[in-house]
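Peer 1: What follows is a single structure, and I will ask about it in a moment.
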Amino acid sequence: MFKKLALLLSSLMIVPASAVEIYNKNGNRLGVYGKIQASHLISDYANENGDNTYVRFGLRGETQISPQLTGYGNFQMQFQANKYEGEDKHSWTRLAFAGLNYSSLGSLDYGRNWGVMYDLGAWTDVLPEFGAATIFHTDTYMAQRATNLTTWRNRDFFGLVDGLNVALQYQGKNSGTEGENTTNNSRILQKQNGDGYGMSMTYDFDFGLSLGGVYTHANRTGEQRHYGNHVASGPYAEAFVVSAKYRLEGLYLAALYGETSNMTVFGSGVNIANKVQATELVAKYRFSNGFEPSIGYLQSKGKDLSGYHGDHDLLQFINLGAMYYFNDTLAAYANYKINLLDRDNFTTATRLNTDDTIVFGFVYQL
351 MFKKLALLLS SLMIVPASAV EIYNKNGNRL GVYGKIQASH LISDYANENG
401 DNTYVRFGLR GETQISPQLT GYGNFQMQFQ ANKYEGEDKH SWTRLAFAGL
451 NYSSLGSLDY GRNWGVMYDL GAWTDVLPEF GAATIFHTDT YMAQRATNLT
501 TWRNRDFFGL VDGLNVALQY QGKNSGTEGE NTTNNSRILQ KQNGDGYGMS
551 MTYDFDFGLS LGGVYTHANR TGEQRHYGNH VASGPYAEAF VVSAKYRLEG
601 LYLAALYGET SNMTVFGSGV NIANKVQATE LVAKYRFSNG FEPSIGYLQS
651 KGKDLSGYHG DHDLLQFINL GAMYYFNDTL AAYANYKINL LDRDNFTTAT
701 RLNTDDTIVF GFVYQL
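So, in structure tokens, the structure goes:
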């Protein structure tokens, strides 16, 4: 392994890029943003072994309609660079939403956006790799990025309370291909959702501390409720999360606890947990010379899992990371995930990862 690491360090490369404002005229602005992450993973677990280089590219626009009313849009794509040329399914849309912002009333938008659960998931998603890995999965209700989202956000509570930020979100149904009331964006069972809503509230103190809470509730699709086997059968998918973060100069600390019901996917195959309890703890410190070590502990435990007889850890690891910032644009990093899951009948049956993972890479970010 160590010979492989030495070769890896000498071969990692980064493609240069630059931030550009491509249009600014008559109250209309359009800019590009993104990053290139050249990274390599080393593990005995196949899904975390090999090249994982990718590019993210985004467009962010804004138009001034009146002194208080602004329109905006945001689009972001990801392109995998670890695939061979001509291979299908190596790019996808991460974000695509548009809306209006009216002074102290807040913003209202619709599209593919961040779910409100990630308002707090972002607080612990600060590690070089594997942050917010417990219950914040894409296209899983309002846990992370998802489609069919209408979102209202307000900062400083209508200008009345500095530091108090609130959000309300509605998610429309994203169904499968069978049964009544199917939609035009059908998907596999694990990525389906019924109509639902969510809300988040955070408060930023003036001494570096922030506290937050999130709650989401949604109907489940008929296919999810009646699938059986290792899929929870409850009628609703629910989640709540509480979190705290603290920042003082170069120090950053964050802690999070959350629970989900009939919502969180785990392992390979079709598995949805009846209930999951999740804990995430992170700490990092950025020195004046650009060096930033970090440590994290993440655990999620499935409760009364359908077909698996009882409670089982779904994820548990310690994460050791280090970033070195050459400047605000380019950084190099190393990350070591110490997996605390044991290989047993449950992890074998669900094909959960029980192996350690080492990651090295460069990040060029606009």
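Quick note on my numbering: the sequence shown kicks off at 351 and runs consecutively. C-beta atoms are modelled at their ideal positions from N, C-alpha and C, and glycine is treated no differently.
(1) Let me know the secondary structure DSSP gives R575 once reduced to three states.
(2) With C-beta atoms as the reference, is R537 less than 8 Å away from G526?
(3) Mind checking I622: buried by the 16 CB within 10 Å criterion, or exposed?
(4) Suppose the cutoff is 8 Å on Cβ atoms and the five residues either side in sequence are ignored; what does the same chain contact list for N579 look like?
(5) Near V581, which residues of its chain fall below 8 Å by C-beta distance, leaving aside the five closest residues on each side in sequence?
(6) In its own chain, which residues sit with a C-beta less than 6 Å from the C-beta of A482, not counting the 5 before and 5 after it?
(7) Rounded to whole angstroms, what is the Cα-Cα separation between I668 and Y452?
(8) By a C-beta neighbour count over all protein chains shown, 10 Å radius and 16 as the cutoff for buried, is W442 buried or exposed?
(9) Using C-beta distances below 7 Å, list every residue in its chain close to V466, excluding the 5 sequence neighbours before and after it, in chain order.
(10) Tell me which residue opens and which closes the alpha helix (DSSP H) that D469 is part of.
(11) Thinking C-beta only, is D706 closer than 8 Å to A393?
(12) DSSP on S389, reduced to helix/strand/coil?
(13) Measuring CB to CB, does L691 end up less than 8 Å from D663?
(14) If I'm right that Y675 touches G640 with Cβ under 8 Å, what's the distance once you round it to whole angstroms?
(15) Roughly how many whole angstroms lie between the Cα atoms of Q521 and T420?
(16) Please tell me whether G377 and Q414 are closer than 8 Å, where the distance is taken between their beta carbons.
(17) So F710 and A681 are supposed to be a Cβ contact under 8 Å. How far apart are they, rounded?
(18) Hey, N402 and N432 are a contact pair by Cβ (cut 8 Å); roughly how many whole angstroms apart?
(19) Out of L499, L716, G562, S618, which one is the CA nearest neighbour of V591?
(20) Please report how far the alpha carbon of V370 lies from the alpha carbon of A633, in whole angstroms.
(21) First and last residue of the alpha helix (DSSP H) that includes A699?
(22) Please classify G608 as buried or exposed, where buried requires at least 16 other C-beta atoms within 10 Å of its C-beta.
Peer 2: By the coordinates alone:
(1) R575: helix per DSSP, three-state reduction.
(2) G526 sits close to R537, with the two beta carbons spaced by under 8 Å.
(3) I622 should be labelled buried.
(4) The residues are V620, S656, G657.
(5) For V581, same chain residues with a beta-carbon under 8 Å away, outside a window of 5 residues either side, are L539, Q574, V620, N621, I622, S656 in chain order.
(6) In its chain, beyond the 5 residues on either side, G471, T474, D475 have a beta carbon closer than 6 Å to the beta carbon of A482.
(7) Approximately 43 Å, taken between the alpha carbons.
(8) Burial call: exposed.
(9) Apart from sequence neighbours up to five positions away, the residues of its chain that approach V466 with a beta-carbon distance below 7 Å are M492, A517, Q519, G548, M549, S550, V564, T566, ordered along the chain.
(10) For D469, the enclosing alpha helix (DSSP H) begins and ends at 468–474.
(11) The question names Ala, yet the displayed sequence has Ser at residue 393. Taking 8 Å as the Cβ cut-off, S393 and D706 qualify as a contacting pair.
(12) Residue state for S389 is assigned as strand, using DSSP reduced to three classes.
(13) The Cβ atoms of L691 and D663 lie closer than 8 Å to each other.
(14) The C-beta distance from Y675 to G640 rounds to 4 Å, short enough to fall under 8 Å.
(15) Rounded to whole angstroms, Q521 to T420 spans 24 Å at the Cα level.
(16) Their beta carbons are under 8 Å apart, which means G377 touches Q414 by this criterion.
(17) Here F710 is actually not in contact with A681; their C-beta atoms are around 12 Å apart, not less than 8 Å.
(18) In this structure N402 touches N432 by the C-beta definition: roughly 6 Å separates them, less than 8 Å.
(19) G562 is the residue among L499, L716, G562, S618 whose C-alpha sits nearest the C-alpha of V591.
(20) V370 and A633: Cα-Cα distance of roughly 33 Å.
(21) Looking at the DSSP string, the run of the alpha helix (DSSP H) that includes A699 is 695–700.
(22) Buried: at least 16 other Cβ atoms inside 10 Å.
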